[in-house]
Each structure stands twice: as structure tokens, then as C-alpha cells.
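Residue numbers (the numbering used here), protein chains in the order written: chain A, 430 to 580; chain B, 430 to 580; chain C, 430 to 580; chain D, 430 to 580.
Beta carbons: idealized from backbone N, C-alpha and C, even for Gly.
Heads up: the structure comes next, in C-alpha cells.
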């Protein structure tokens, strides 16, 4: 089984954050990881689009019970009906998580990941939280992910 | 997105039931469906083995939080940490479910499927439950599944 | 902590089934048990009404996230947001379960209870399921519950 | 139905934090609220002890499936089997949440609360998170809670 990286972040965002997420998705696929995310919009969709453009596999852990909630770049949608509790499954279905900006939902994912032993790399807003590994951008995030694997 | 069939049934079983489940997995893949199951042993493992032998894709919705819970024929393991509640996600991640024998866990999946609008075909033990469509074996189960799609 | 009995059954029902559920609620309270249910209508509401009329305590494990989902005889509503998965919590929050008629949802609760070691007594429709203890009515259901406790 | 306050915070803590949590529990009960918490140790247990000493009602939303997980000051234990996902139910079963110190688990509860519209007051560590209302101690936390109700 390939290693998986969970991408978490803003559910709606501007073009700059989207570009960061898309580049992150490209790098995740190019480095041989599968991509896990919440399957929806904003950072999730941009990261999936990036991963697909580089031939990667994308798994979307959806909050609701309808496959149609998934964005068009999700290969494997998984319905949960768990609402915000599905945030835990987004991070637990990866081997590590990368946050790109985001609000309270992303903060909850960071807390749940740290609590349950999933390493978290953050670009932007939440990079100062204790226990989170900060990264200046997608390239540096991948560098941190590789460091984690070497251990 | 391809249609998906959830296979539910005994978590441990003898060679006859296993042969039925494996044949069911083969037919599911040959008919162009992805296979969803609980990702573990018995009927789940046999059905996955069948689907893989016919070039299909297998998704395993696991009760725990460890990928290692999945049998070796699962392509996409999904951890849930939901224990028996994951039974609901096994059936809701398919478009229809086929039961092969099974005990109380399978019964709960049948109840959850029927309650939430997922058609259920049953081979063996639970085929007499009201609302369940009985099938004599894997071939007939596939016939019933096709009838459902035509509607 | 007092022993708890979970009452499961039809979400909407006629006056006869309601009378059975209400009488069951009365007996549960009179015998010193707390009552757990799904907190909503039909058998759940009637059983709560019975328990309250006899001075009992009622706990309602709700499918959604709004306290207002609870019927007016629930003392302690608990929101879950789990939808049908909350059925598992209805039975696991009791020491035993009593089913009064009911459809596929009740069937799923019976399966989940049996799977996870919760004894099930059934009045009416599902009393013939293997592993379920049949009871002719509320009084006999209480007799069976006492037998369980003596073990 | 009485208003409910969820108390979240460190699962194990020193005597100073415990004293803060216990005082908070006393004030919650004295002000006519029911207390909701995760039902276990540290801040949760101290807050329950405080609430009980002032005649309050305590509800413990447990991560596992055993009632014995609850501390001795929990009146109504609720098993969930959801592990860390139960954090969401701890905050959603209250009308507002008060955090007393705490680590990544508490952070996840804060994120989940803010995301789903539950106001959060924090004493200590997490009081600087955007969207959280800081309080210097239990008395001030109650003042903030009353402000929320007046709106």
C-alpha cells in the first residue's frame, strides 16, 4: 500500500491559496503518495486537481451520504454521514497531514491529528500551533514529509 | 463513477460459503462494478479475492483505525474507528448490497441498508427477511442487481 | 448506577402498539430501571410517557444534532449527528433491549445488539429472529429481563 | 430543558488546574446549568466533582463503550465507541463550552465547537485562538456565558 498524505484546509479560498493547494497536490502525486482529503471544495478540490494532473490517486472522505458531494477530481469518494466528525477520518486515513490555511474546521483536524499521532505540516495560518511543523510552501512541506518517513 | 456493490456476510466461514463469496466477487468485477466490503475476513476476503482475480477494484471499510486490519485483496482500505457502526458505511458506500450467509452483524447491515434505501439481495440465511430479494447463488444475485439498475 | 433498558421499535405506530410500549415504559420504571430509547416518536415516545408516569428517568439518543428532535417525555436528550448509526448507541447505552414491533431500523438495532452482546427481548414482529428472546407482552418481557439479571 | 455547559480541558492535570475546573463546576451548577463533559479524568472529573458538590447534574459523553470509563461524579454516562470523534458530541451536547487548559484533544474540541456554532470560552492555554472568548478564571467565564444568553 502506498503512503497517503491528507490535505486539509480552507473549504473556500482565493486563487493564491488554491494555487498553493494545487501545487501541493502535484508534488504529493509526483512523490508517489496517494492523496486523501475531505472530498469537497476549496483547498480539497485544488489539491485533488493537482494530484490528478500528475497521475495520482485521490480519496475523498465526505461529510454526508451522497457521492455527489465529491468534487470532480476525487477518484474514490467515501460517504460517512458523520458531518464534522468525518474530519477525524480525513486525517486518520493518511500517514501525515498537510494544512493549507483554513479556519475552525482545519483547526479541529489539526487537533485530532496531533491527538492521535498523525504528524501535521502547516502552510500559513495554523503553522504556529504547538506540535505543528511549519512549512513556507508546498516544496518545503514535501521536504518535511520526507524527513518524517526517514525516521 | 462506476456503480458499487457491497458484499456483506459471515466474518468467518467454511469453504462452501467462501466459494460462493469468491464467485460473487468474480461476477461483480466482470460486470463492471467496484466492490465494497468490511475489508476483513471470511466472506469479505473471499469476495475481494474473487474481484481481484477478475481485475476489479476493492474498497474495504474497516471497523478500526489500523490499515493492517484489511485483508490482502483490499485495494483501498478506509479506517473508521466506528466499530460496529461502520456496518452502516459498508452498505451506504455501495449502490446495492449482497449478503452471503452471516450472523447478527450481517443482519444489522441488512436492517441498516433497508432502512436507508439500499436494495439488498441475500444468498442463504437471511433471504427470508421481508424486503430482502432472495437469490439462489451468485449468478442469480447478479441477475437481480441488473434488474435494479434497469429501473 | 441503575440498570438501563433500551426500548426500540416502530417510529410511528397505531394505538395498540403504543399501549404496549407505554405499559412497557411503566413497568421499566416501576422495576427500578432507567429507560433509554431513540428519543423520538411512536414506540419511543409511548415508552417514555409510560416511564415518566411512573416516576422513571428517560434518556433519548437522538439521530440528529438538535435537542428539539426529542419527544416531550425525554429527560436527558443526547444529540449524536450519527443518523442511523445512532441505533448502535441506543442499544449499547442499555444493559438489555426490548423491541416492540418495528421495521428495518428496529431490525438493525436487534442485529447490532446481538452482535455486541446486548440481550434482546422482542414483543411481536421480530420475536422469531434467532438469538432473540420472545415475549408475549410487557409483563413477560420484564420477567425475561429479571431472568437475565439473575445470571 | 436546562441550558447545558460543556467543560473541556486537560485529561490529566495538576492541583491548580483541577481547582479551577472544580470551581467552574460549582459555578455552573449554582447558575442553574447542567454540566456536560467527556466523563473521564483531569479537568472533566474535577468539574463534575464541583458540580455535584453544588447539587448539579453531570452528563459524561465517553469515548468507549464501557460505563466504567466514567468518573464517579458523572450522573448520566453515555457510551459512544467513537474514540476521539466523541469530542464533537461533548461540545454539541452543550449550549456553550468552557475550556480549561488542555492539549491537542481540547484544541480539536475548540475547533469543532467553533465550526459548528457553539460559543467557546477559554481559561488559560487556548484563550488566544481567534474566535475564542478569553476568561481570566471561572467567575469571569460565567460572566461571559451570561452575556451569551442575554443575546
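So, at 7 Å on beta carbons, what are the nonlocal neighbours of residue i in its own chain, with the 5 sequence-adjacent residues on each side left out?
i              : result
residue 561(A) : 539, 549, 551 and 555
residue 512(D) : 492
residue 468(D) : 489, 490, 491, 498, 499, 500, 503 and 506
residue 509(A) : 490, 491, 492, 515 and 518
residue 570(A) : 453, 527, 550, 552 and 564
State buried or exposed for residue i, treating a residue as buried only when at least 16 other CB atoms are found within 10 Å of its CB.
i              : result
residue 497(A) : exposed
residue 535(C) : buried
residue 475(A) : buried
residue 523(A) : buried
residue 447(A) : buried
residue 521(A) : buried
residue 544(B) : buried
residue 481(C) : buried
residue 576(A) : exposed
residue 443(B) : exposed
My assumption, with CB atoms under 8 Å, is that residue i sits in contact with residue j. Please give the rounded CB distance.
i              : j              : result
residue 473(D) : residue 527(D) : About 12 Å separates the two Cβ atoms, so there is no contact after all.
Measuring alpha carbon to alpha carbon, tell me which residue in the options is nearest residue i.
i              : options                           : result
residue 463(B) : 471(A), 506(A) and 479(A)         : 506(A)
residue 514(A) : 447(D), 559(D), 537(D) and 480(D) : 537(D)
residue 553(D) : 542(D), 532(D) and 541(D)         : 532(D)
residue 451(A) : 489(A), 541(A), 529(A) and 510(A) : 529(A)
residue 483(C) : 571(C), 453(C), 575(C) and 543(C) : 453(C)
residue 574(A) : 495(A), 468(A) and 460(A)         : 460(A)
residue 430(D) : 499(C), 443(C) and 444(C)         : 499(C)
residue 494(B) : 546(A), 477(A), 565(A) and 569(A) : 546(A)
residue 572(D) : 525(D), 477(D), 558(D) and 559(D) : 525(D)
Is the beta carbon of residue i less than 9 Å from the beta carbon of residue j?
i              : j              : result
residue 488(B) : residue 455(B) : no
residue 438(C) : residue 457(C) : no
residue 440(D) : residue 471(D) : yes
residue 449(C) : residue 566(C) : yes
residue 432(A) : residue 578(A) : yes
Which residues in the same chain have their Cβ closer than 6 Å to the Cβ of residue i, if we skip the five residues on either side of it in sequence?
i              : result
residue 517(A) : 541
residue 445(A) : none
Beta-carbon within less than 8 Å of residue i's beta-carbon, same chain only, minus the 5 sequence neighbours each way: which residues are those?
i              : result
residue 434(A) : 457, 462, 463, 464, 465, 523, 524, 525, 526, 527 and 574
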